[in-house]
Structure formats: C-alpha cells, structure tokens
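In our numbering, the protein residues as written are 2 to 607.
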Amino acid sequence: MENLKSNYEIKVNNYSIVILTYNQLDYTKVCINSIKNYNGNDDCEIIIIDNNSTDGTVEWIKEQEGIKYILNEENKGFPAGCNQGIEIANKDNDIFLLNNDTVIMPNSIFNLRMGLYSNEKVGATGAISNSVSYYQQISEQYDDFDGYMGHSLKNNIPDESLYYERVKLVGFAMLIKRETLNIVGLLDERFTPGNFEDDDISFRIIKEGYKLLLCKDSYIHHFGSVSFREDSKKYNKLLSINSRKFKEKWGFASEYSNFIRNEIIDFIDESKNKDINVLEIGCATGATLLEIKNRYKNANLYGIEFNKKAAEIAKSFADIRSDNVESIELSYEENFFDYIIFSDVLGSFYNPEKVLRKIKKYLKPEGYIIASIANVMHHSVIRQLINGSWAYDEVGILDKKNIRFFTKSEIMKIVSSLGYKDIVIKSMNGFMTDEDKDFIEQISKLSVVSVSEEFETYNYLVKAKNYDINNEKFKRKITFLIRRLEFDVDVEESIKELIEYIKSSNISFDDIIDIIAKDIVNKVYILNYIAIKCFENNLFDYVIPLLCNAYEISPRNLETKYNIANVLNSIGEKESAIKYLENLTESNEKIEKLKLIIKGEEKNEL
C-alpha cells in the first residue's frame, strides 16, 4: 500500500474498522484477534459499538487498549450503530463496516484497499466469503477452519482481473471510500434493526457516479449473521418489513431487480475478448448486464427497462432505454446485436410472438435470443388448479404482470415458427419436497406421454439462433431451391423445404419476388407454382402478392388469371372472382370450366 502511495502519487486514506456487537463475545474476540494478527493496525483504528450486550462483552471491550468504543444502553440496531461508529471515526479515514462474526484472513483488507484505489471512480469494495448472500459466496466448502485458511492463502493474492463490478455489495464486510461517504451520507436508519441498508447505500453510491467492486481476491471468513438468525421467524418478518420499506423508497423490489442471471449468461458462448453487443429486455437495475461485462470485457451493454427507477441504476454503466417493445420500432440499428436477452418478460407481453418476430431484424444474421420463460405446467400451478385456485403473486410463474403463459411444447412451436433455428431448451428445477415428488408421480400417470420432467421444471431457458434472408449463405440456399423448381429437379423435395422456410417466417413474399426477379428465367411459371403451393399449405398472405407480381410481369398470361380467380373464389370472394373472369378479353377451356364451377353449374375437382 505504501508503494501505491509513493510510486503513483495516489492519496490513500487510513481506515477505520467499525464493528457492532450484541453478545456473541467469543466471535468478537476471534474477529479482533484476526485483524491484529493478519493485517496489522498501524494505519487503521478499530471502533466497536456495543448494542447493550449482557454476556460480558461490555467488560471485555473496556479492557482493550487502542480501541474506540460506544456502549449503548439499548439495542440501536445495525444501521444506527454503524452510523455512531462512522461519526466518531477519524474524519479523513475510509470506513470498513465489518460484522463481528467474521475472521480476517491474510491480505483480506489489503486487497480490498487495493481495489478501492484501483480507480478514482471506485466508491466501495466488498469481499467474498463462505457464508454470504448476493453471489459473493465461494463454491468451495471445507470441513474445518483450517481448510478455509488454506483457501484464503491461495486466493488472497492481489489480482486486478478478479475485480467484478456489482450493483450491490453485502454489508458484512464493506470498505467505503471517505470521499464517497461524504457525498452519499450515512446508512439509512429506516432499515433498523438491519437488512436492506446495504442495498440502499449501494444504490446511493452508484447514483452518485461511483462504482462498486467485488474483490474476489479478498476472502473473509464469515460464521453467518449469528445475532439475527437465532430467531428465524422474527428474521423473516424483518426481511419482509424492510423489503417493503425499500420498495417504498426506491420504487422497485431489490431482491427481484438485482438478480444476476448466471444461468442466462452461461448460454453466451463467445471468445472472452470479442466485441459483442448485448441487449437485455427487462434488465431491471442491470445486474445481469454488468456480470456479462465482468466476463466479457469488451461487451457493449444495452437494456430496455420499463421501471424508470430501476433503469436509473442501470444507466450508470449501460445504454438503457424505455422503448415500448410491443407498440413501436426499437431505436437501435438493424443487424446490430449479437444477443438479445428476455429475462422473465415474454409472459408480460400481449403478443410475444410479435415481439420475437420484430426483434429479429435487430439481431445480427447469426445472432441469438436467450430467454427465461416460466413453465405453467410446474407442479405448483397444477396443484393450485386441482384445488380450484389460480392465485397471482408478486413474482414467480403466476407473476401479476404475466398475461401469457407457456408450456415447453408451446415455446418450441412459437420459436421455431418465427424463423429461429438451433433451438436449445434447458429445464431449471426448483427445490422439491417428498410430497411434491409423490404428487408429480401421481399426476404423471394421467398423461399418455411422459411429462414428469415438465411438472418438475420451474422455468425454461431458451437459446435460439437467428436466420435472416440478408445472410448471403441463407439467400443462396433459397435461390438454389427455387432454381431446382425451375429446372424440374427433385421438385417435391425442393418445394417442401421451401414451404418449411416460409412457414418459419424466414422469408417474406418480397424476398421470394426479389430472388425470382434476379435469378430466375421462367419467372411467371415459378411465381404461379409457389403461389399455389402456398395456398395449399394455408400460407394465404403469400398467395395474392406472388400472383399479382406474376400478373405485372405478364398481364396476358392465362394461368395467372385462372389462379387469381380460383383463389378469390376459394377464400369466399365469389362475386369478385366471377366479375374478374367476365372482364377477361381472352379465355381458355380451363377458365371457362372455372366459371361454371363458381356459378355452381359444375363440381370443382381442384
């Protein structure tokens, strides 16, 4: 740290460690000893705020040398207690908020301070641990403390590549730069006795233009909120109350809006250094987008968010807009995005098919959509239905915002019909009790096909690749099929494949007309042939445009005139068909027979 100060002429503040205590003396002793043993305290002060402990903690604190303290005569809770500590700290010091049930490891604080001064815009840093929420927990688990100590010795080596930007840091071990704290202010005491005050100050830091860094090169051991969780019912009630307070203040739910969808990010398969453009529709505070940036350093982040309050957070690091995805064209260049992500939002659209069709043109020719879609066949929903209930909730499968609901087969049908290929659908299952498993086994017996997996699946992750007619490789394929029709080569196979492309909305009638105009000699014949095959396959939107184009090329072609009249008659426009035929100046036997059929004087054998 001294080298950082001298070599780079960076002003690095000393720091104050603020620790709250409420009983649990043994944990406090371990915490204080670890600070002294592994990080020294030459450039820091230790401050303890005791919230009226009764287990000997007060007496122990009084015996310690070199520790500032306040002994409250009542339990003021976490936010107010921390604020007391901040107020008596050296006014130039950075503030390290630390739970008393933690163990500082070698280099823990040093690496947090290195991260804090790695960039002038870093406002606060946080550590990883063995027991902590919000994606700061390590995956490794050890049988004893020695195992975690060994882990820290391998992990706590200064490494800037392990700095991950976040929208929130958990307050169990949070180092805040003094300059930042002077601007954003103290912890909000409305969240007394605790929980959500760290969410709150995290967002206040971001809104002032600072960054939050999770320093994955700093491991701190955590025994895990021993004070709060002694009474789990009381703790859960507190979470509910403070969640509501947070939403009242900020206009969105923190626990929902801050999700990092790692399972979605895992579907991105690119070189780590590649420039990619990523759009997330329904990005909330941008936590998932930010994690994409952590993994793909050259990713360009874009988001659409309908909650303006949540969007304000994401705007600090991404291009966030509020486009109405259903009703207007998006304000982006076409063929721009490598990935467009839908995070649990497709069900909130009146016409999700229209949205998925619309966004195709904003994808690169071989770009991808990635979507998380709730499964309405989940056993929890089926159980409700059997019991005569359909209860909407704030979040989940029956989210109050949802208008449309999906099964696996419906998802596949929609996505494939819209011209997406290489479709991958992955099941995501939640926790199931033995009772749930028994229920699934029983209701699965009612189906003639195997559906137990669908009853187990909470939501589906979908990845699908865009195919676009502007993709030259794809255009050559369509041209090849139409030429085979012209030269009478494998006609049945070729028209079948072409119809499949049309059904999947990969090509429009304008695309077909354009290819025929540029690459086909016998244009009128091919236009008529494809039009009739489209008619036979109920692709009615293609029929008239193709026939009209054939008529424009050769107005006197009787086959085209016959087909136009026959189609008009078949769709119920009998009078228009008769009028059209009666006005023809030329005719043939086939047309005359059609007149009789339309008038009901002869049976239609077509």
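Beta carbons: idealized from backbone N, C-alpha and C, even for Gly.
Check                                                                                                                                                                                 : Outcome
To which residues does DSSP link R322 through a beta bridge?                                                                                                                          : I305
Would you call Q142 buried or exposed, if buried means 16 or more other Cβ atoms sit within 10 Å of its Cβ?                                                                           : exposed
Does the distance from the CB of D218 to the CB of G116 come in under 9 Å?                                                                                                            : yes
Determine the DSSP secondary structure at R477, reduced to helix, strand or coil.                                                                                                     : helix
Measure the C-alpha to C-alpha separation of A392 and H379 and round it to an integer number of angstroms.                                                                            : 14 Å
Applying the criterion that 16 or more other CB atoms from any shown protein chain within 10 Å of the CB defines a buried residue, is Q443 buried or exposed?                         : exposed
In three-state DSSP terms, what is N570?                                                                                                                                              : helix
Just list the residues that DSSP pairs S17 with in beta bridges.                                                                                                                      : E46 and I96
Exposed or buried, what is T55 when buried is set at 16 or more other beta-carbons lying within 10 Å of its beta-carbon?                                                              : exposed
Report buried or exposed for I206, applying the criterion of at least 16 other Cβ atoms within 10 angstroms of its Cβ.                                                                : buried
What residue range does the beta strand (DSSP E) around K427 cover?                                                                                                                   : Y421 to N430
Using 9 Å as the threshold, is the C-beta distance between G172 and G78 below it?                                                                                                     : no
Output needed for E190: all residues of its chain with C-beta closer than 6 Å, excluding positions within five of it in sequence on either side, in chain order.                      : P80 and A81
With 16 other CB atoms within 10 Å as the buried threshold, where does V19 fall?                                                                                                      : buried
Look at the alpha carbon of S17 and the alpha carbon of C45, and state the distance between them as a whole number of angstroms.                                                      : 5 Å
DSSP state of P556, grouped into three classes?                                                                                                                                       : coil
Determine whether the beta carbon atoms of C83 and E198 lie at a separation below 9 Å.                                                                                                : yes
Quick one: is I188 buried, meaning 16 or more other Cβ sit within 10 Å of its Cβ, or exposed?                                                                                         : Here the sequence assigns Leu to residue 188, which means Ile is not the residue at that position. It counts as buried.
Three or more beta-carbon pairs under 8 Å between the region 590-602 and the region 565-574, yes or no?                                                                               : yes
Since I believe A315 is in contact with T286 (beta carbons under 8 Å), could you give me their beta-carbon distance rounded to a whole number of angstroms?                           : 5 Å
Tell me the rounded alpha-carbon separation between L607 and K591.                                                                                                                    : Caution is warranted here: a pLDDT of 46 is assigned to L607, below 50, making its placement in the model unreliable, and no coordinate value can be reported.
Indicate the three-state DSSP secondary structure (helix, strand or coil) for T289 in the structure shown.                                                                            : helix
Mind pulling the beta strand (DSSP E) runs of 3 or more residues that sit fully within the region 157-217?                                                                            : 164-167 and 174-177
Please specify which runs of the alpha helix (DSSP H), each continuous and at least 4 residues long, are wholly inside the region 251-275, giving them in chain order.                : 255-258 and 263-266
To the nearest angstrom, how far is it from the Cα of I11 to the Cα of N120?                                                                                                          : 10 Å
CB K534 to CB L499, shorter than 9 Å?                                                                                                                                                 : yes
Specify the secondary structure class of D22 as computed by DSSP and reduced to three states.                                                                                         : A quick correction: the sequence has Thr, not Asp, at residue 22. The answer is strand: DSSP assigns T22 an E or B state.
Count the other CB atoms, across all protein chains shown, that sit within 10 Å of the CB of I329; report buried if there are 16 or more and exposed otherwise.                       : exposed
Could you pull out every residue in the same chain whose Cβ sits closer than 7 Å to the Cβ of A300, ignoring the five residues on either side in sequence?                            : I277, V279, I293 and K294
In this structure, does DSSP put E593 in helix, strand or coil?                                                                                                                       : helix
Give every residue of the same chain whose Cβ lies closer than 6 Å to the Cβ of N558, excluding the five residues on either side of it in the sequence, and list them in chain order. : V525
Under the rule that 16 or more other beta-carbon atoms within 10 Å means buried, what is Q65, buried or exposed?                                                                      : exposed
In terms of alpha-carbon separation, which member of V346, K466, E249 and N14 lies closest to I398?                                                                                   : V346
Exposed or buried, what is G304 when buried is set at 16 or more other beta-carbons lying within 10 Å of its beta-carbon?                                                             : buried
Bridge partners for V104 per DSSP, in chain order?                                                                                                                                    : H222
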